[in-house]
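These notes are about the structure you will find just below.
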Amino acid sequence: MKHLISLLLLGVMTLAVTSCGSSPLDKAIKRVLVQQDTTQAQFDSICSIIQQNPDRYKQYLDQQGQVNVTELQALIDRIGADLRPPIRWDIAPYGQQELSLTIYFERSGSMVPYDNAGDRGQLKKAVNDIINHFPGRKVNINIVNDNIYPYQGSVDQFIQDRNIYASTAGVGNSAFTDFQQIFGAILKAQDATNVSVVVTDLIYSPADATDVSIDKILNEENSLATSIFRQYKGKSVLVHQLMGDYNGKYYPYTNRPVEFRGMRPFYLLVIADTPVMDRMAAQKDYSQLMHPAEARNSYRFNQSEASVDYCVLPDWKDNAGRFRVDHKDATRLTKCEGDKTTGVLCLTIAARLDGLQKDEAFLADARNYKLQSTSGFELSVTPVTPDMITGNNKMYLEGKTHLITLKGKFAGPRDQVSISLPNEMPAWIAQSTSRDDTNTAANGFSTTTLGLKEFLDGIASAFGTGGNYTTITVKLEN
Amino acid sequence: MKQQHYIYLALGIAATILFYVLRVQAYEAIYSVPGFSDQFYNAGLYEMIPLITIAVPWAAAAIYYFVINSVRFDRWYHWLMVGGISTLLTIIIGYSVNHSVFSDMGLSYGAESAAFELANMVWAALMFVIASFAMRWWSTNCRHTPFPQ
Numbered sequence: 001m002k003h004l005i006s007l008l009l010l011g012v013m014t015l016a017v018t019s020c021g022s023s024p025l026d027k028a029i030k031r032v033l034v035q036q037d038t039t040q041a042q043f044d045s046i047c048s049i050i051q052q053n054p055d056r057y058k059q060y061l062d063q064q065g066q067v068n069v070t071e072l073q074a075l076i077d078r079i080g081a082d083l084r085p086p087i088r089w090d091i092a093p094y095g096q097q098e099l100s101l102t103i104y105f106e107r108s109g110s111m112v113p114y115d116n117a118g119d120r121g122q123l124k125k126a127v128n129d130i131i132n133h134f135p136g137r138k139v140n141i142n143i144v145n146d147n148i149y150p151y152q153g154s155v156d157q158f159i160q161d162r163n164i165y166a167s168t169a170g171v172g173n174s175a176f177t178d179f180q181q182i183f184g185a186i187l188k189a190q191d192a193t194n195v196s197v198v199v200t201d202l203i204y205s206p207a208d209a210t211d212v213s214i215d216k217i218l219n220e221e222n223s224l225a226t227s228i229f230r231q232y233k234g235k236s237v238l239v240h241q242l243m244g245d246y247n248g249k250y251y252p253y254t255n256r257p258v259e260f261r262g263m264r265p266f267y268l269l270v271i272a273d274t275p276v277m278d279r280m281a282a283q284k285d286y287s288q289l290m291h292p293a294e295a296r297n298s299y300r301f302n303q304s305e306a307s308v309d310y311c312v313l314p315d316w317k318d319n320a321g322r323f324r325v326d327h328k329d330a331t332r333l334t335k336c337e338g339d340k341t342t343g344v345l346c347l348t349i350a351a352r353l354d355g356l357q358k359d360e361a362f363l364a365d366a367r368n369y370k371l372q373s374t375s376g377f378e379l380s381v382t383p384v385t386p387d388m389i390t391g392n393n394k395m396y397l398e399g400k401t402h403l404i405t406l407k408g409k410f411a412g413p414r415d416q417v418s419i420s421l422p423n424e425m426p427a428w429i430a431q432s433t434s435r436d437d438t439n440t441a442a443n444g445f446s447t448t449t450l451g452l453k454e455f456l457d458g459i460a461s462a463f464g465t466g467g468n469y470t471t472i473t474v475k476l477e478n
Numbered sequence: 479m480k481q482q483h484y485i486y487l488a489l490g491i492a493a494t495i496l497f498y499v500l501r502v503q504a505y506e507a508i509y510s511v512p513g514f515s516d517q518f519y520n521a522g523l524y525e526m527i528p529l530i531t532i533a534v535p536w537a538a539a540a541i542y543y544f545v546i547n548s549v550r551f552d553r554w555y556h557w558l559m560v561g562g563i564s565t566l567l568t569i570i571i572g573y574s575v576n577h578s579v580f581s582d583m584g585l586s587y588g589a590e591s592a593a594f595e596l597a598n599m600v601w602a603a604l605m606f607v608i609a610s611f612a613m614r615w616w617s618t619n620c621r622h623t624p625f626p627q
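Quick mapping for you: the protein sequence lines, in order, are chains A and B. In this text, residue positions in the first sequence follow this note's numbering: the first is 1, and each later residue adds one. In this text, residue positions in the second sequence follow this note's numbering: the first is 479, and each later residue adds one.
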């Protein structure tokens, strides 16, 4: 009987050991990942579990008793990788330093008509919105034209100032804008936790340009942009184009002012270190800065290829034929087989593309995607809408922004489908560029900027922009 | 007690542990549905359900051989009846746990859960057989059930 009891006890103990492996910390992380509740509040609650049990979780604490984000990230990655589909939760932003914001408000002669008392004041509103919605507390404002001059009032005074150009009259020389001086100083002064926003019409108006040909001015502008930015390859520049009411003197490249009343484009240039820009792109707190609601067009320079979260939906209304998502590698589909009647295999990939800083029209347009496959699949893209998310598919769709559907006849035995979003200079830049701004009555004057393409091409040339925004790969086998 | 009886017991325990260690493969070999199986895995049900599938048949076999342990209840069909009740109880408890966990997660897989538990009858019945052959030798009145020694 002794042997019987011993053997039974051994069995029970072995089962207990194999079934009770996870700690409260592991369980809490798994719960957050499974429920897709990846918020600051959940991060804080996980940190409190660690800090309340310092002896048990000492590997997740640094010498000062603070949570070691790197170690905790490694644990989250391990647990996330074991889920179906694997889930990644980037907690790096929670442990990072607060960012500071520096506004560089251009005050050249051609900027003043953007803020007339009788107009709508879109330019000032856009700047105020950025300041008001910036999550950090440190905000500085500078006035720029021939040089950079600190704004003399407080941030609140700037926001409440109904006539900012009148109250800053006399600051610097508003007759010309020295891009070299301004951008050189901004890039040089910027530290790793700073975000700079230049509010400008992006019209290059150097001193002594009278009687200089437009080609020469634009070539000079292009070279200037390249020479400035090539020294700071670790920076990223995000350009937003907005429209504002304009009423007053416009200064063409001939420097002979003409009256103009109508809409004119203006630009917000967001400049930051590339990791800071990536961080802001990943956090919703910075959406006003990264995706201003009023922005007509946007483009980010020096955007490295990003890996995005995606998964194949195992059960979806558009699916046709059969496939099985591999449990170890969620990008590998086995037992792929076309529909018995039509021979068509249709599968849907849910992807989170909001971190790519592209607008919805760009992301939802299948023509912007490049598809490589030996099976000749066709691709379509649909935005994820709240009504698509149900309890059963929440695990796959929560946080995802787009559904990429592949449809075709899988030839087998193997195919590697590669879906990429090439990073190319958008068409709006050329469409928003003029080479002659002397005729304000010309068609397109109100939507174009002199030499915009040349200036932005110069930045692109400095950073060597190209490649893909992201690539999604799915391996098929039958 | 013969040494071979301890070997039967050890083999029964080893088979049970092996079943638990290979539980995901064991269950997905008999029932796997896109979506449902992933949620089942993420919810930790591949830990809970196998434990129920082990605990109930082993407890039922122990009750039959050591608590009931009666000469009036030692025929093969008595054993089969206890096995049937054990299997039924396993899938009822399993379904309740499955339903409760999925409801908490806002998931709705009623039909798939029921089908899974029907498939689980295979493992629940097998576990009762394993438990019976592991422990029956020590029963004073039922050690010949279901087959004579």
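Note that beta-carbon positions come from the ideal geometry of N, C-alpha and C, so glycine has one too.
- Taking one beta carbon from each stretch, the region 393 to 410 of chain A and the region 310 to 325 of chain A have 3 or more pairs nearer than 8 Å; the two touch.
- At a cut-off of 8 Å between beta-carbon atoms, A/Lys328 makes no contact with chain B.
- Here the region 103 to 122 of chain A does not lie against the region 355 to 367 of chain A, with fewer than 3 beta-carbon pairs under 8 Å apart.
- The beta carbon of A/Asn140 does not come within 8 Å of any beta carbon belonging to chain B, so the residue lies off that interface.
- Every beta strand (DSSP E) of 3 residues or more that sits fully in the region 105 to 154 of chain A is shown, in chain order, as 139 to 144, 148 to 150.
- A/Lys400 carries a coil assignment under DSSP once its states are collapsed to helix, strand and coil.
- Collapsing the DSSP output to three states places B/Phe625 in coil.
- A residue is called buried when at least 16 other Cβ atoms come within 10 angstroms of its Cβ; A/Phe260 meets this threshold and is buried.
- Shown here, A/Ser287 sits in a helix according to DSSP, grouped into three states.
- Against A/Val34, the close residues of chain B are Asn520, Ala521, Met583, in the order they occur along the chain (beta-carbon pairs closer than 8 Å).
- Excluding sequence positions up to five before and after A/Val171, its CB lies within less than 7 Å of the CB of Arg107, Ile143, Tyr149, all in the same chain and listed in chain order.
- Less than 8 Å separates the beta-carbon of A/Glu221 from that of A/Glu454.
- Looking at A/Asp201, A/Asn145, A/Tyr60, A/Thr385, the one whose alpha-carbon comes closest to that of A/Lys124 is A/Asp201.
- Residue environment analysis places A/Lys317 among the exposed positions, since fewer than 16 neighbouring C-beta atoms fall within 10 angstroms of its C-beta.
- Per the coordinates, the alpha-carbon of B/Ile563 lies some 13 Å from the alpha-carbon of B/Thr531.
- Close CB contacts of B/Leu596 within its chain, under the 8 Å cut and outside five residues either way in sequence, are with Ile569 (chain order).
- Within the region 74 to 91 of chain A, those residues whose Cβ lies closer than 8 Å to any Cβ of chain B are, in chain order, Leu83, Arg84, Pro85.
- Residue range 258 to 273 is occupied by the beta strand (DSSP E) that includes A/Met263.
- For A/Asp315, the C-beta contacts it makes with chain B under 9 Å involve Val511, Pro512, Gly513, Phe514, in order along the chain.
- At a cut-off of 8 Å, the C-beta of A/Asn478 has no neighbouring C-beta in chain B.
- Short of 6 Å from the beta carbon of A/Met277, and not among the five residues preceding or following it, lie these beta carbons of its own chain, in chain order: Ser236.
- For A/Asp436, the closest of A/Gln190, A/Lys216, A/Phe158, A/Tyr94 by C-alpha to C-alpha distance is A/Lys216.
- The three-state secondary structure of A/Met243, taken from DSSP, is strand.
- For B/Gln482, not one C-beta of chain A is nearer than 8 Å to its own C-beta.
- For B/Ser586, the nearest beta carbon of chain A is closer than 8 Å to its own beta carbon.
- Under the three-state reduction of DSSP output, A/Phe323 falls in the strand class.
- A buried status is given to B/Trp536, since no fewer than 16 other beta-carbon atoms sit within 10 Å of its beta-carbon.
- Here A/Met263 is not near B/Asp516, since their CB atoms are 8 Å or more apart.
- For the pair B/Ser581 and B/Ala521, the Cα-to-Cα distance works out to about 11 Å.
- For the set A/Asp119, A/Asn319, A/Asp90, A/Ala81, the Cα lying nearest the Cα of A/Asn247 is the one of A/Asp119.
- Beta-carbon to beta-carbon, B/Phe594 and B/Tyr524 are separated by about 11 Å, too far to satisfy the 8 Å threshold.
- Within the region 388 to 402 of chain A, Thr390, Gly391, Asn392, Asn393, Lys394, Met395, Tyr396 place their CB atoms closer than 9 Å to a CB of chain B, listed in sequence order.
- Boundaries around B/Phe611 are those of the alpha helix (DSSP H), 588 to 613, since no beta strand (DSSP E) includes it.
- With a contact defined as Cβ atoms closer than 8 Å, A/Ile103 and A/Trp89 miss out at about 33 Å.
- Taking all protein chains shown into account, A/Arg367 has fewer than 16 neighbouring C-beta atoms within 10 Å of its C-beta and is therefore exposed.
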